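Novice: I'd like to ask you about the structure that follows.
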Ligand code: SF4
């Protein structure tokens, strides 16, 4: 059969904006230009010099708005402010709606709450058999390691707990958490999260991973972390060498906007990938941050360039005071529709709603199956073209009667096949 390539104009070439969003750039030094290279590259120095107060914000970001100023005051009793110098340098000071700024600088709207917003929107506390352990799904658990992060995200699902600004006073009890795992052989998968597990020292984290690896029925360990993005200096060769002792060990990172993928972050992710750690990304759909097809396309393609598979896109949880950051489910579906078929399948994350109250993750997809009836499934492709797939209503293949000289491979027409319009009708 002759192959006719589609006309060139049917292909979509990347726009200049997409290409610009996909560029890897260093975070730069910004206000820390005088700091010695050695200090800047030291993750402990970065942690020690985080931006945490209103006074620092006013000094380092002269365009701080009244709404942000009020938000910073509110944050003291809600969810602390902390921004690493590396991440702070990604903020565009000239743009009050900068997508990086919206994620880490509080706004006064955090004080607005609606009746459907709660402090624990996905019901973690009610699924917690021992402090610091959430057992919601049959074979896997969430193991909280700490309540501290390198920086705090204003939409955090666990903002009741992380930073301890709201007085939750979380203290992990590793012995009790591990004892629970030992007593539950149905658990095969443990996700270490928090807070951020990579804030533990190499020795402490290694000790914990070693204790988990000693439990024979645990097949699979995962780390949920935003440190490679907030603090790429933490991904040292020593950390990578330690982590690779505990395979199979996966890592879920958290990137929301393509600008977060700096050259330093790409190198840090490369070190983790070289240590044999499969990397997946979890993004949260956020208003004016990443709720645009082109931004998301740049993000997912840049993630693949950084050796990270886009894994989940979360609808933002109904956390108190997050309405100004939440985008709509309609927008989320449009974004997936704008990705599916238009870019590599590997680049398309699963869009999910974490069901309010503790129902777990529910996949949400654009409608590709248009109808099903007794003899076919009608589907549409990414371009909206409609196709039919012959299949009986009971799921059996449609089987035609054997023609002379043709093998029938042992299938016989089923009653459902006989009713099908694909089944020849004999006079
Ligand atoms: S890094 Fe994760 S746990 Fe920490 S504040 Fe951000 S979303 Fe919450």
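Numbering (our numbering), first residue to last: 4 to 430.
Positions of the beta carbon are idealized from the N, C-alpha and C atoms, including for glycine.
The structure presented is a predicted model; accordingly, all values stated were derived computationally and were not measured.
Just mark residue 329 as buried or exposed, buried being the case when its beta carbon has 16 or more other beta carbons within 10 Å.
Specialist: Reading the chain shown from its first residue, position 326 is the one you call residue 329. Residue 329 comes out buried.
Novice: Return the CA-CA distance between residue 255 and residue 283, expressed in angstroms with no decimal places.
Specialist: Stepping through the chain shown from its first residue, residue 255 is reached at position 252. Stepping through the chain shown from its first residue, residue 283 is reached at position 280. Taking the straight line joining both Cα atoms gives about 5 Å.
Novice: Pick out whichever of 191, 223, 242 and 304 has its Cα sitting closest to the Cα of residue 231.
Specialist: Locating residue 231 in the chain shown gives position 228, where the first residue counts as 1. Looking at the Cα atoms, 242 is the closest of the given residues.
Novice: Whose CA, out of 274, 264 and 335, lies closest to the CA of residue 305?
Specialist: For the purposes of this step, residue 305 is identified with residue 302 of the chain shown, where counting begins at 1. Per the Cα distances, 264.
Novice: Identify the residues that DSSP records as bridge partners of residue 254: which are they?
Specialist: Counting from one through the chain shown, the residue named residue 254 turns up at place 251. Looking at the DSSP assignment, residue 254 forms a beta bridge with 226 and 282.
Novice: Would the beta-carbon of residue 130 fall within 8 Å of that of residue 361?
Specialist: Here residue 130 corresponds to residue number 127 of the chain shown, with the count starting at 1. Here residue 361 corresponds to residue number 358 of the chain shown, with the count starting at 1. In this structure, residue 361 lies closer than 8 Å to residue 130 by Cβ.
Novice: Please classify residue 80 as buried or exposed, where buried requires at least 16 other C-beta atoms within 10 Å of its C-beta.
Specialist: Reading the chain shown from its first residue, position 77 is the one you call residue 80. Exposed, since its Cβ has fewer than 16 Cβ neighbours within 10 Å.
Novice: How is the beta strand (DSSP E) around residue 372 delimited, first residue to last?
Specialist: Here residue 372 is taken as the residue at index 369 of the chain shown, counted from 1. 372 to 375 is the extent of the beta strand (DSSP E) around residue 372.
Novice: State the DSSP-derived secondary structure class of residue 82, mapped to helix, strand or coil.
Specialist: As a first step, residue 82 must be located in the chain shown, where it is residue number 79. Residue 82: coil per DSSP, three-state reduction.
Novice: In this structure, how does DSSP classify residue 2 when only helix, strand and coil are distinguished?
Specialist: Since the displayed the chain opens at 4 and closes at 430, residue 2 lies outside it and no answer follows.
Novice: Taking the alpha carbon of residue 116 as the point to measure from, which residue in 325, 152, 35 and 51 has its own alpha carbon closest?
Specialist: The residue given as residue 116 occupies position 113 in the chain shown. Taking only the C-alpha atoms, the option nearest residue 116 is 325.
Novice: With a threshold of 7 Å, establish whether the CB of residue 135 neighbours any heavy atom of the ligand SF4.
Specialist: The sequence position of residue 135 within the chain shown is 132, counting from 1. Not under cutoff, so the answer is no.
Novice: Output the distance between the C-alpha atoms of residue 275 and residue 253, rounded to the nearest integer angstrom.
Specialist: Taking the chain shown and counting its residues from 1, the one referred to as residue 275 is at position 272. Taking the chain shown and counting its residues from 1, the one referred to as residue 253 is at position 250. In a straight line, the C-alpha of residue 275 is about 10 Å away from that of residue 253.
Novice: Relative to the alpha-carbon of residue 65, which residue among 161, 233 and 98 has its alpha-carbon at the smallest distance?
Specialist: Within the chain shown, numbered from 1, the residue matching residue 65 stands at position 62. Among 161, 233 and 98, the Cα nearest to that of residue 65 belongs to 98.
Novice: Drop a sphere of 10 angstroms on the beta-carbon of residue 41, count the other beta-carbons inside from all chains shown, and report buried for 16 or more, exposed for fewer.
Specialist: Working through the chain shown from its first residue, we reach residue 41 at position 38. With fewer than 16 other Cβ atoms within 10 Å, it is exposed.
Novice: Check for me: the beta strand (DSSP E) holding residue 391 runs from which residue to which?
Specialist: Numbered from 1 along the chain shown, position 388 holds the residue referred to as residue 391. From DSSP, the beta strand (DSSP E) with residue 391 extends over 389 to 393.
Novice: Beta carbon of residue 151, beta carbon of residue 82: below 8 Å?
Specialist: One-based indexing of the chain shown puts residue 151 at position 148. One-based indexing of the chain shown puts residue 82 at position 79. Against a cut-off of 8 Å, the Cβ pair of residue 82 and residue 151 comes out as no contact.
Novice: What do you get for residue 293, buried or exposed, if any count of 16 or more other CB atoms within 10 angstroms of its CB means buried?
Specialist: Counting from 1 along the chain shown, the entry for residue 293 is found at position 290. Residue 293 is buried by the Cβ-count criterion.
Novice: For residue 86, which residues from the same chain have a beta carbon less than 7 Å from its beta carbon, with the 5 sequence-adjacent residues on both sides left out?
Specialist: Sequence index remark: in the chain shown, residue 86 carries index 83 (1-based). Cβ neighbours of residue 86 beyond the five flanking positions: 53, 54, 107 and 154.
Novice: Tell me, please, whether the region 183 to 203 touches the region 217 to 225 by the rule of three or more beta-carbon pairs shorter than 8 Å.
Specialist: Contact annotation: the region 183 to 203 touches the region 217 to 225, with at least three C-beta pairs closer than 8 Å.
Novice: Check each candidate in 389, 346 and 381 and name the one with the smallest Cα separation from residue 395.
Specialist: Counting from one through the chain shown, the residue named residue 395 turns up at place 392. Nearest option by C-alpha distance: 381.
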